[in-house]
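Numbering (my numbering), first residue to last: 234 to 339.
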């Protein structure tokens with residue numbers, strides 16, 4: 234987990250990863266923006282990376298491809314990802330989408 238504040242949203246409930254305790258010990262200083270995103274900064278530049286970490290994205294249709302895209306957006310540092318799908322979740326969806334839980338079926 235990086236030090237940015239990433240929120241994954243299904244447009245009805247939010248999970249704020251800042252509320253999850255960090256694995257770092259209290260004696261360790263927090264990594265800098267440059268340390269966390271050094272590879273992306275090398276490719277995109279610092280300004281573009283700052284824009285990415287301040288971005289919010291909505292994905293319409295939560296199929297397996299959308300779940301993979303959402304995962305990659307979160308890993309890239311996007312601030313908020315909203316997944317919106319009008320379909321009812323069925324048991325078969327649980328194996329294709331890591332963000333779903335058993336309680337989401339129905």
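Ideal Cβ positions, reconstructed from N, Cα and C, are used throughout, including at glycine.
Using DSSP with H/G/I as helix, E/B as strand and the rest coil, what is residue i?
i: residue 296; result: coil
i: residue 185; result: Summary: the structure shown does not reach residue 185, with the chain confined to residues 234 through 339, and so no result is reported for it.
i: residue 313; result: strand
i: residue 286; result: helix
On the criterion of 16 or more Cβ atoms from any shown chain inside 10 Å, does residue i qualify as buried, or is it exposed?
i: residue 314; result: buried
i: residue 308; result: exposed
i: residue 303; result: buried
Among the residues of its own chain, which have a CB less than 6 Å from the CB of residue i, if the five just before and after it don't count?
i: residue 282; result: 270, 273, 274
i: residue 337; result: 322
i: residue 324; result: 338
Under the assumption that residue i contacts residue j (Cβ atoms under 8 Å), give the Cβ distance between them as a whole number of angstroms.
i: residue 298; j: residue 330; result: In fact, because the Cβ distance is near 10 Å, the residues do not count as touching under 8 Å.
i: residue 326; j: residue 333; result: 6 Å
i: residue 321; j: residue 310; result: Incorrect: roughly 32 Å between the Cβ atoms, too far for contact.
Do we get a CB-CB distance below 7 Å when we pair residue i with the residues of chain D?
i: residue 331; result: Here there is only one protein chain, and chain D is not present.
Check each candidate in the options and name the one with the smallest Cα separation from residue i.
i: residue 284; options: 293, 306, 292, 336; result: 306
i: residue 301; options: 335, 266, 328; result: 328
i: residue 279; options: 291, 266, 260; result: 266
i: residue 319; options: 293, 335, 286; result: 293
Near residue i, what residues of its chain come up, given a Cβ to Cβ distance below 7 Å and the 5 sequence neighbours on each side ignored?
i: residue 288; result: 311, 312
i: residue 291; result: 315, 317
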